[in-house]
Every structure is written in structure tokens, then in C-alpha cells.
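Worksheet: one structure, shown below.
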Amino acid sequence: MAPSAEPYISSYLALSALHRTLRKHSSLPINHALPERPRNLSVERDLFLDGAISTLSASTNYVLDSVLEIKDDMKDVKSQVDRLETRFIRLEGEVNEVKKVVHEVKRETDRRFKGLEGRFANMGAQEPWDDIVPVEYNNQAGDHTVNDGFPRDHPDKVVKLWRLQTPRHRRALVSLLEFYDICGWQSWGYEDRLVPDSDSESDDIGEKNPTLAAAVASHPKMALRALTQRLGVNYERMKERMLKWEVDQRRRVEEMKIEKRKSRGLGRKPAGDSSIMAPAKFRKTDAEITSPEGLPTRLPLKDLVGRSKSVESRLSPVSGTKLDWKVGSSSGEHPVVRDTYYKARSEGSTVPNTEDETEMRGLDRNGSS
Numbered sequence: 001m002a003p004s005a006e007p008y009i010s011s012y013l014a015l016s017a018l019h020r021t022l023r024k025h026s027s028l029p030i031n032h033a034l035p036e037r038p039r040n041l042s043v044e045r046d047l048f049l050d051g052a053i054s055t056l057s058a059s060t061n062y063v064l065d066s067v068l069e070i071k072d073d074m075k076d077v078k079s080q081v082d083r084l085e086t087r088f089i090r091l092e093g094e095v096n097e098v099k100k101v102v103h104e105v106k107r108e109t110d111r112r113f114k115g116l117e118g119r120f121a122n123m124g125a126q127e128p129w130d131d132i133v134p135v136e137y138n139n140q141a142g143d144h145t146v147n148d149g150f151p152r153d154h155p156d157k158v159v160k161l162w163r164l165q166t167p168r169h170r171r172a173l174v175s176l177l178e179f180y181d182i183c184g185w186q187s188w189g190y191e192d193r194l195v196p197d198s199d200s201e202s203d204d205i206g207e208k209n210p211t212l213a214a215a216v217a218s219h220p221k222m223a224l225r226a227l228t229q230r231l232g233v234n235y236e237r238m239k240e241r242m243l244k245w246e247v248d249q250r251r252r253v254e255e256m257k258i259e260k261r262k263s264r265g266l267g268r269k270p271a272g273d274s275s276i277m278a279p280a281k282f283r284k285t286d287a288e289i290t291s292p293e294g295l296p297t298r299l300p301l302k303d304l305v306g307r308s309k310s311v312e313s314r315l316s317p318v319s320g321t322k323l324d325w326k327v328g329s330s331s332g333e334h335p336v337v338r339d340t341y342y343k344a345r346s347e348g349s350t351v352p353n354t355e356d357e358t359e360m361r362g363l364d365r366n367g368s369s
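In C-alpha cells:
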């Protein structure tokens, strides 16, 4: 009696499922068939085992091929990922460059708008104490800048801007011209030295300005004009107004000096005015001091004869003069000699370039009120 084949039923079912999977998923054709279930173990067992081993080997090869394909695919994917990462890095750099450019454009736009606002504000500045607004800033200005980027010596008033052309403030003017990157200073005054009527081309007409400081020292007015153009200030209008203001300041200072002299009793006492009194040592009656002709005067006799000078100044009936009597004159005329003492002391007094701005501001405002 042949042995029963029941022990191989499970193996056969597993091999059948594996064979179907291979035929379904394998891209290569399956060249071997599924072994049949053995019915006669003594005869068909070896054939069944051989077919089962072949099916397992084919499945293993399929798995290995699939793994290798997946590995190759993973290499390709990794390579693509690396290229994509490189592109992302390059794209990130380009985006950063674009952001930087946008930031620079925005900052430059803001700077230009601020400059325009400053120029519009400075266009109306003409009075000595009107405000001057800085119009631009320079990130490479250096150590002479404050927190907001403007030089410390930047003028904030018209009168300070006008004084930049004086020798005392020319260093500040050079600093401002450098800060605002003023160009063309090499040719300041060069055109004025040209001689169009000269017949010789070798005439020495001078060289151009070697440095900005030399150009400012030689042509301070042209330097100030170039600065006012950058600030938006009307130079001609400022010049006209400041010249009038300087004349007015000189006049007021002279008036103040006259008032001080009168308050010390050095001026003429108006008729009927008892508010201004001479010092006690000068106060004498007309009866005590008389001229040789018997005319009343406040000058002692030694000052009237021989043109001798008294130790102390004496007052005459005419303010600011001394009478020099000519003894023995038959014509009866008495020449008048001007007293140049106080006149000499009052000459040479200038006001506009004084540094006491508080006093000048008070003079200007008191006069206008």
C-alpha cells in the first residue's frame, strides 16, 4: 500500500501561493511550473521536493533582484535629492542677495526722501535764526559723526551756516563738504584765472586746487555756495539778508556804546534833561570856569591856552568835542577841534562774527520788537 500524501498538503498550498505571487509581480517570465502534489510518495516525493526547491530559489532571486533595483533607485533618489539640495542652497543665496538689494534700495529711497524733505524745509530759511535741517547722511562719514549719522559741527541755524566762510570755521566747512561729497572743488576759481585775450598759450595761469582745504581757503564763498546748494538753501537770498543783518548789528552795537557813554556822563546833557548827570568830580558851575573872553565853559583855563591836555577828560557844550580857544584872535572865531579819543576807541568794532550768540540773538530780537 502506497503511503499517504496528506503531510504535503500545507507545503503544496504555500508553494502555490508563492508561485502565484511570482507570476503576478515578477517582470521576468517564470520558466518553471509549480510542482504537483505527490500522490505516491515513494515515486513522486523527489520530484515534488525538487519543484519546491526551484520555486523557493526563483522567489529568492526575485527578492534579490527587487532589492538591487530598489537600491539603485535609492541611489538615484539620493543623487536627485543632493542636486535639489544644491539648488535650494543656491536659491537661498540668490534670495538673500535679492533681500539685500531690496534693503539697499529701500534705505536709499528713504535717504533720498529725507533729503528732499530737508531741502524743502531749508528752502524757506533766510532769517539769521531760522533752522537748518540736515538733508542726507553718509554711512562712511567716520569718527566725526554722532548717532544719527550727521557731523557734530553741522550748522542748525542760518547765521551758523553763514559764518562757515570765516577763517575760524573753515575746518568745519571742509568737513561738511567731505561729508556731502561735494565735487568740482578742483576748478574753483580756475576759470577766473584764464586769460582769453592772451596771445600766448604758455602763459602761467596757475594750477587747479590741489586739495579741498586749499580750495576752501582760497575760495570760501564758492565753498559755502556749493554747500548751500546741497542743503537747498537759497544762497543769494541768504547773502542779502545776512549782509543787512550785519549792518544792523553794527548800528545797534554803536547805539549801545553811545548809551553807555551817556550813562557814564561822557555825552552831552540835553537841555532841560536832569535824568543824565555828569560825575561829581566833573560837575562845576559856569561861573567857576570861564574862557579868556569871559564866555562860560566847562573846560579849565589850562586846556584853553597852549592846547595842553588835561589829566582828566572834560565835557564841552557840544557832545564828543573839545573847544580849543585861540588866544589873541582878532577875528573872534574859535576853531573847534574834534576829540578823536573816543572815536578811535569805537573804530574797528565788528559784530556779525562774534561767538556770543545769546547776546546777538537778544540784540536782534530786542531791535525787532
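Counting in UniProt numbering, the sequence shown runs from 1 upward without gaps. Don't be surprised by glycine CBs; every beta carbon is placed ideally from N, CA and C.
Query: In angstroms, rounded to a whole number, what distance separates the CA positions of residue 16 and residue 34?; Result: 7 Å
Query: Can you give the Cα-Cα distance for residue 67 and residue 25, rounded to whole angstroms?; Result: 13 Å
Query: Decide if the stretch 180 to 189 is in contact with the stretch 221 to 230; the criterion is three or more beta carbon pairs, one per stretch, under 8 Å apart.; Result: yes
Query: Can you have a look at residue 14 and say buried or exposed, based on whether 16 or more other CB atoms are within 10 angstroms of its CB?; Result: exposed
Query: Is the Cβ-Cβ distance between residue 161 and residue 155 less than 7 Å?; Result: yes
Query: With distances taken Cα to Cα, identify the nearest neighbour of residue 9 among 19, 131 and 39.; Result: 39
Query: Excluding the five sequence neighbours on either side, which residues of its own chain have a C-beta within less than 7 Å of the C-beta of residue 121, listed in chain order?; Result: 133
Query: Would residue 62 and residue 37 qualify as a contact pair, given that the criterion is a beta-carbon distance under 7 Å?; Result: no
Query: Mind checking residue 175: buried by the 16 CB within 10 Å criterion, or exposed?; Result: buried
Query: If you measure from the beta carbon of residue 218 to each beta carbon in chain D, is any gap under 7 Å?; Result: Within the model displayed, chain D is absent; a lone protein chain is all it includes.
Query: To the nearest angstrom, how far is the alpha carbon of residue 159 from that of residue 265?; Result: 36 Å
Query: So, using beta-carbon positions, are residue 231 and residue 135 closer together than 7 Å?; Result: yes
Query: Going by DSSP in three states, residue 167 sits in which element: helix, strand or coil?; Result: helix
Query: Residue 128 and residue 245 - do their beta-carbons sit closer together than 7 Å?; Result: yes
Query: Of the choices 254, 92, 227 and 172, whose alpha-carbon is the least far from that of residue 181?; Result: 227
Query: Keeping to the same chain, check which residues put their C-beta closer than 7 Å to that of residue 217; ignore five residues upstream and five downstream.; Result: 170
Query: What are the start and end residues of the alpha helix (DSSP H) that includes residue 260?; Result: 235 to 263
Query: Using the three-state DSSP reduction, which class does residue 59 fall into: helix, strand or coil?; Result: helix
Query: Which two residues bound the contiguous alpha helix (DSSP H) that contains residue 9?; Result: 9 to 25
Query: Just mark residue 19 as buried or exposed, buried being the case when its beta carbon has 16 or more other beta carbons within 10 Å.; Result: buried
Query: Using DSSP with H/G/I as helix, E/B as strand and the rest coil, what is residue 157?; Result: strand
Query: Express the C-alpha separation of residue 110 and residue 103 in angstroms, rounding to a whole number.; Result: 10 Å
Query: Distance, Cα to Cα, residue 130 vs residue 114?; Result: 19 Å
Query: Going by the beta-carbon positions, is the gap between residue 172 and residue 153 smaller than 7 Å?; Result: yes
Query: Quick one: what does DSSP say residue 220 is sitting in, helix, strand or coil?; Result: helix
Query: Compute the Euclidean distance between the alpha carbons of residue 75 and residue 65, then round it to the nearest angstrom.; Result: 15 Å
Query: With a 10 Å radius around its C-beta and 16 neighbouring C-beta atoms as the bar for buried, classify residue 48 as buried or exposed.; Result: buried
Query: DSSP three-state label for residue 322, please.; Result: Below a pLDDT of 50, predicted positions are generally treated as unreliable, and residue 322, at 47, falls in that range; the measurement from the model is reported next regardless. Strand.
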